[in-house]
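Colleague:
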Amino acid sequence: MSLLEIDGLSKRFGELIAVDDVSFEVKPGEIYGLLGPNGAGKTTTISVACGLLKPNRGSVRVEGRDFWSDPQQSRQAMGVVPQELALYEDLNGRENLEFWGKVAGLKSNEAKERATDLLEALTLSDRAKDPVSKYSGGMKRRINLGCALMHRPKLILLDEPTVGIDPQARANILAFIKALVDDGVGILYTTHYLEEAESLCDRIGIIDHGKILAEGTLAELQERLGQDQIFVLDGFFENADPLAWDGFDASFRVIQKLDTQLIVATRGERDPADCLKQLLALPAQIDNVMLKRPSLNDAFLQLTGRDLRE
Amino acid sequence: MKASLIWALLAKDLLRIRRKPGPVLIQIALPLFLVAVLGFVFGKSDDGGSGMAPIKVALVDEDGGDVAEFLERVASSPEFEEYFDLSFRDREEALSLINDNDLSGVIVVPEGFANSYMEGTDETLVLELIKNPAQSVYPAMIEEGLEALVTGLNTLARTFKNDLKGWLDFLEDDDRTLFSDTLILAGLLQDTVDHFEAAREYLNPPLVGFQSEIRTEDQENEEDSSFSVFAWIYIGMAGMFMLMVSNAMNSDLYREARFRSLQRFNTLHEGMFVFVAEKMILTVVVTLIAAAIMFCGSALVFGFSWATPLPVALIVICYSICAAGLTAFIAVAAGKEKRADNMNTVIIMGFAILGGAMFEPKQLPSAIRDYITPYLPTNWFISVVRDLQFGDDGTAWASIALKLLITGLVLVAFSSFLFHRRLSKGGLG
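Quick mapping for you: the protein sequence lines, in order, are chains B and Z. One point on numbering: in my numbering, the residue at position 266 of the first sequence is 256, and numbering is uninterrupted. One point on numbering: in my numbering, the residue at position 125 of the second sequence is 129, and numbering is uninterrupted.
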């Protein structure tokens, strides 16, 4: 049974359709990634999934039952880590954890014990008594994450939990999240970092303008681009029309065309050397050609026509 | 579950206040400080004096005429000596004393001032005031006093211009004979009396006056033991600052929305009524703590005692609930944090001033006094506590306490409902 099932979800704010017919599910022991640029609808999806917003259409099911049939029980089943820090900076790390534990229904001694365990796991024991205002960005992010885990939820919704922190702190958080999955927890993870989605998520949904454009494992998404071959051509393509080039359309598919760069995928299984030879013979100024395996960004490029990093 | 949740929220907020007590402490300390300043400047001291040291002022008489003599005679009166310590110096000595901060100001009567004044010259005469820049209040008070003197001299000169000239000529005439003296004196007296007659309707009855009250020693002792200017001012200040403390606590709901903690709470609990209710309880609790410090602290600091502590305590409790409800209602009506802050400050000041926190309600314009003041909770609170403290034991304090309590509870319930509805519809701005 899925921990979270989102089916045909739509949410609009006036004229703006923030989420449009989105469907996916999160199973126990799985990290499902929602990958998309800022404003794609990731946070709105999470807000609807955790009951902060009511959908205009579609359903949210938690552990098999409709969210709104028993909203309190559904809320207790999940831990939500908001994108923006929701901490009391005057209180210390331990006090923040214990407070949110009590709000989630833990007794005082349970909250104390759980806070001790989480501080240890988040490697914050030595700073537990310092006010949160004195924490670094990475430490605040870790406490922010810990506050959502106090009541041991089976389903965790993480809304861009690593935004704005250094690579070391990010690595710590990602390692912690991976360890959670080993205990059978299901995670919905939103991000706009390709590397995080590639390294962390078991399945990924690519979302843009409120719609899920593609969904699958990393390998499945890469396969959409064809036989594992992507060529990146640096040169001068301002006035070039690749479709007009003789034989080009039969051999390659354009993923992205910029004034100084052309990214293409091969059609069908072909010898890379033949492809390279054909590309260098094109009637355009080509300074450099690079062959690479398709990445998630290439999939995103193909689906949306723009780079996720833009 | 609900009770333990409210307790967890309350404990968290009290801990936050303990960690960062500045804003609440300022609200508590400010009325004590203001009352101390006002009390020391205008209140009575232990010896029955004004409560402040006489202002040191020097007179430099470069004229050598009658104005300085007149001022010297005024300065020797006991009423004047209570407020001013006037000494005669030459200019150099006076300036040196100002430099040493031993004087608050110097008044210079320039040469020929008295003669020019009596002769009614057309040019403007000038008295010079040198203020001590190192002091702020006392030099300003000397300036006020000098302005009053100049106004008096101007009035005298304008009304009796011709008489003054005649009197001067008469006094300076060395060739007078007994007969001529009598005739001239009679004429001068007649003219002056005529001018007084003409001014009678303006002078009698006087627009402003005072009557000294003759009091027995017993009466004076009785008043000294019960009346304290500190207590009188403080009751008004406390009425206002309890609203300020309530306002600061109510604003916390907006801060929680800004910090996203309210949103996080909503990911764990259906509805936010508990959250809102806790803030109301917090507001009442903190306002009560602040009130306890204000009322007990003021009695300790200013050395007076509350005549009827139990009724005052009960009224303070009811007023705290009323203050919580009132400020919550204004906050929720504002809808946005910044607007709520600005609106509440202005409205609280209005409630305080119109409710009699700073003046006796009798001194307010009649329209306000009759149609607004009686309906303000600040007025209910301030009036009844002053009545209890300063004599009217039979005041209906219980009914006023009940009125404050009911108003407070209704406002708390209504504001909680509005806050909750606003949050359910998408949060606070």
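Backbone N, C-alpha and C fix where the C-beta goes; we use that ideal spot for every residue, glycine too. Predicted model, so just to flag it, every value in this text is computed and none were measured.
Does chain Z have any CB closer than 8 Å to the CB of TYR78/B?
Modeller: In the first sequence, residue 78/B corresponds to position 88, counting from 1. TYR78/B counts as touching chain Z.
Colleague: Where do the ends of the beta strand (DSSP E) carrying PHE226/B lie?
Modeller: For the purposes of this step, residue 226/B is taken as the residue at position 236 of the first sequence. Taken as a continuous stretch (DSSP letters only), the beta strand (DSSP E) holding PHE226/B covers 220 to 226.
Colleague: In angstroms with no decimal places, state the Cα-to-Cα distance between MET(-9)/B and GLU53/B.
Modeller: Position 1 of the first sequence holds residue -9/B. Position 63 of the first sequence holds residue 53/B. Straight-line Cα distance between these residues: approximately 7 Å.
Colleague: Assuming PHE92/Z is part of the beta strand (DSSP E), what are its boundary residues?
Modeller: Within the second sequence, the letter at position 88 stands for residue 92/Z. 88 to 92 is the extent of the beta strand (DSSP E) around PHE92/Z.
Colleague: Could you check whether the Cβ of ALA230/B sits closer than 8 Å to any Cβ belonging to chain Z?
Modeller: As a position in the first sequence, residue 230/B is number 240, starting the count at 1. No - not a single Cβ of chain Z is within 8 Å of the one on ALA230/B.
Colleague: By the DSSP assignment, the alpha helix (DSSP H) with TYR375/Z in it spans what residues?
Modeller: Stepping through the second sequence from its first residue, residue 375/Z is reached at position 371. Element bounds for TYR375/Z: 370 to 375.
Colleague: For ALA255/B, which of LEU135/B, PRO262/B, PRO27/B, VAL244/B has the nearest alpha-carbon?
Modeller: If you number the first sequence from 1, residue 255/B lands on position 265. Among LEU135/B, PRO262/B, PRO27/B, VAL244/B, the Cα nearest to that of ALA255/B is on VAL244/B.
Colleague: Please identify the residue among ILE146/B, LEU135/B, SER126/B, LEU139/B whose C-alpha is closest to the C-alpha of ASP156/B.
Modeller: Counting from 1 along the first sequence, the entry for residue 156/B is found at position 166. Among ILE146/B, LEU135/B, SER126/B, LEU139/B, the Cα nearest to that of ASP156/B is on SER126/B.
Colleague: Taking just the CA atoms, how far does LEU99/Z sit from GLU127/Z?
Modeller: If you number the second sequence from 1, residue 127/Z lands on position 123. If you number the second sequence from 1, residue 99/Z lands on position 95. Cα to Cα, GLU127/Z sits roughly 28 Å from LEU99/Z.
Colleague: Given CYS326/Z, which residues of its chain have a CB within under 8 Å of its CB, disregarding the five upstream and five downstream residues?
Modeller: Counted from its first residue, the second sequence places residue 326/Z at position 322. Around CYS326/Z: PRO381, PHE385, LEU408, LEU409, THR411, GLY412, LEU415.
Colleague: Just list the residues that DSSP pairs THR256/B with in beta bridges.
Modeller: In the first sequence, residue 256/B corresponds to position 266, counting from 1. According to DSSP, THR256/B bridges with PHE242/B.
Colleague: Tell me whether ASP70/Z sits in a helix, a strand or coil according to DSSP, three-state version.
Modeller: Indexing the second sequence from 1 puts residue 70/Z at position 66. ASP70/Z: helix per DSSP, three-state reduction.
Colleague: Taking ASP65/Z as the reference, give the member of GLU132/Z, LEU14/Z, PHE37/Z with the closest Cα.
Modeller: Residue 65/Z sits at position 61 when you count from the first residue of the second sequence. Checking every option, the nearest Cα to that of ASP65/Z belongs to GLU132/Z.
Colleague: Grouping DSSP H, G and I as helix and E and B as strand, with all else coil, what is TYR121/Z?
Modeller: By one-based count along the second sequence, residue 121/Z stands at place 117. TYR121/Z falls in the helix class under three-state DSSP.
Colleague: Cβ of PHE269/Z less than 8 Å from any chain B Cβ?
Modeller: Counted from its first residue, the second sequence places residue 269/Z at position 265. Yes, PHE269/Z lies at the interface with chain B (some Cβ there is under 8 Å from its Cβ).
Colleague: In this structure, does DSSP put ASP228/Z in helix, strand or coil?
Modeller: Position 224 of the second sequence, counted from the first residue, corresponds to residue 228/Z. Legend: pLDDT at ASP228/Z = 47, less than 50; position of this residue unreliable, no value from coordinates given.
Colleague: Give, in chain order, every residue of the segment 154 to 173 of chain B whose Cβ lies closer than 8 Å to some Cβ of chain Z.
Modeller: Against chain Z - using a Cβ distance shorter than 8 Å - the segment 154 to 173 of chain B contributes no residues.
Colleague: Name, please, each residue of chain Z whose Cβ falls closer than 8 Å to the Cβ of ARG65/B.
Modeller: On the first sequence, residue 65/B is found 75 positions in, with the first residue counted as 1. Here the neighbours are THR271, LEU272, HIS273, GLU274.
Colleague: Is the beta carbon of LEU178/B less than 8 Å from the beta carbon of VAL16/B?
Modeller: Counting from one through the first sequence, the residue named residue 178/B turns up at place 188. Counting from one through the first sequence, the residue named residue 16/B turns up at place 26. Yes.
Colleague: Go through its chain and collect everything with a Cβ distance to GLY26/B's Cβ below 6 Å, but skip five positions before and after it.
Modeller: In the first sequence, residue 26/B corresponds to position 36, counting from 1. Excluding sequence neighbours, GLY26/B sits near LYS32, ILE197, ASP198.
Colleague: Please confirm whether VAL29/Z has its beta-carbon closer than 8 Å to some beta-carbon of chain B.
Modeller: To locate residue 29/Z, count along the second sequence from 1; it is residue 25. In the sequence under discussion, the amino acid at residue 29/Z is Leu, which differs from the Val named in the question. Taking Cβ atoms only, chain B never reaches closer than 8 Å to LEU29/Z, which makes this a no.
Colleague: Expressed to the nearest angstrom, what Euclidean distance is found between the alpha-carbon atoms of VAL28/Z and VAL249/Z?
Modeller: To locate residue 28/Z, count along the second sequence from 1; it is residue 24. To locate residue 249/Z, count along the second sequence from 1; it is residue 245. In a straight line, the C-alpha of VAL28/Z is about 6 Å away from that of VAL249/Z.
Colleague: Spatial neighbours of VAL222/B within its chain, please: CB distance less than 6 Å, with the 5 preceding and 5 following residues excluded, ordered by chain position.
Modeller: Along the first sequence, read from residue 1 onward, the residue named residue 222/B stands at position 232. Excluding residues within five positions, the ones whose Cβ falls inside 6 Å are ILE253, MET280.
Colleague: Which residue's Cα is closest to the Cα of THR312/Z: LEU358/Z, PHE263/Z, VAL389/Z, TYR238/Z?
Modeller: The count along the second sequence starts at 1 and reaches residue 312/Z at position 308. Closest by alpha carbon: VAL389/Z.
Colleague: In three-state terms, what does DSSP make of GLN251/B?
Modeller: On the first sequence, position 261 is the one that residue 251/B refers to. GLN251/B falls in the strand class under three-state DSSP.
Colleague: Between which residues of its own chain and VAL288/Z is the CB-CB distance below 7 Å, once the five residues before and five after are set aside?
Modeller: Taking the first residue of the second sequence as position 1, residue 288/Z is located at position 284. SER324, ILE325, ALA328, listed in sequence order.
Colleague: Determine the direct distance from the alpha carbon of GLY339/Z to that of ILE237/Z, and round the result to whole angstroms.
Modeller: Taking the second sequence and counting its residues from 1, one reaches residue 237/Z at position 233. Taking the second sequence and counting its residues from 1, one reaches residue 339/Z at position 335. Cα-Cα distance, rounded: 34 Å.
Colleague: Under 8 Å Cβ-Cβ, which residues of chain B neighbour SER255/Z?
Modeller: As a working mapping, residue 255/Z is identified with position 251 in the second sequence. Under the 8 Å cutoff, chain B gives no residues; its nearest Cβ is about 15 Å from SER255/Z.
Colleague: Per the contact definition of three or more C-beta pairs closer than 8 Å, is the segment 329 to 338 of chain Z in contact with the segment 250 to 264 of chain Z?
Modeller: Cβ pair count under 8 Å is three or more, so yes.
Colleague: Excluding the 5 residues flanking LEU150/Z on each side, which residues of the same chain have their C-beta closer than 7 Å to its C-beta?
Modeller: Taking the first residue of the second sequence as 1, we reach residue 150/Z at position 146. Taken in chain order, the residues that qualify are ILE111, LEU131, LEU133.
Colleague: Do you know offhand how far ALA159/B's Cα is from MET129/B's?
Modeller: Position 169 of the first sequence holds residue 159/B. Position 139 of the first sequence holds residue 129/B. Looking at the two C-alpha atoms, the distance is approximately 8 Å.
Colleague: On the three-state DSSP scale, how would you describe ASN82/B?
Modeller: Working through the first sequence from its first residue, we reach residue 82/B at position 92. Looking at ASN82/B - three-state DSSP - the assignment turns out to be strand.
Colleague: By the criterion of Cβ-Cβ separation under 8 Å, what are the contact partners of ARG264/Z in chain B?
Modeller: If you number the second sequence from 1, residue 264/Z lands on position 260. Residues of chain B passing the Cβ test: PRO72, GLU74, LEU75, ALA76.
Colleague: Could you check if LYS1/B is buried or exposed, using at least 16 other CB atoms within 10 Å of its CB as the buried criterion?
Modeller: Translated into the one-based positions of the first sequence, residue 1/B becomes position 11. It counts as buried.
Colleague: Identify which residue in PRO72/B, GLU20/B, ALA187/B has its Cα closest to the Cα of THR35/B.
Modeller: As a working note, residue 35/B is residue 45 in the first sequence. The residue with the shortest Cα to Cα distance from THR35/B is PRO72/B.
Colleague: Using the Cα positions of ILE239/Z and ASN254/Z, report the straight-line distance between them to the nearest angstrom.
Modeller: For the purposes of this step, residue 239/Z is taken as the residue at position 235 of the second sequence. For the purposes of this step, residue 254/Z is taken as the residue at position 250 of the second sequence. Their backbone Cα atoms lie some 23 Å apart in a straight line.
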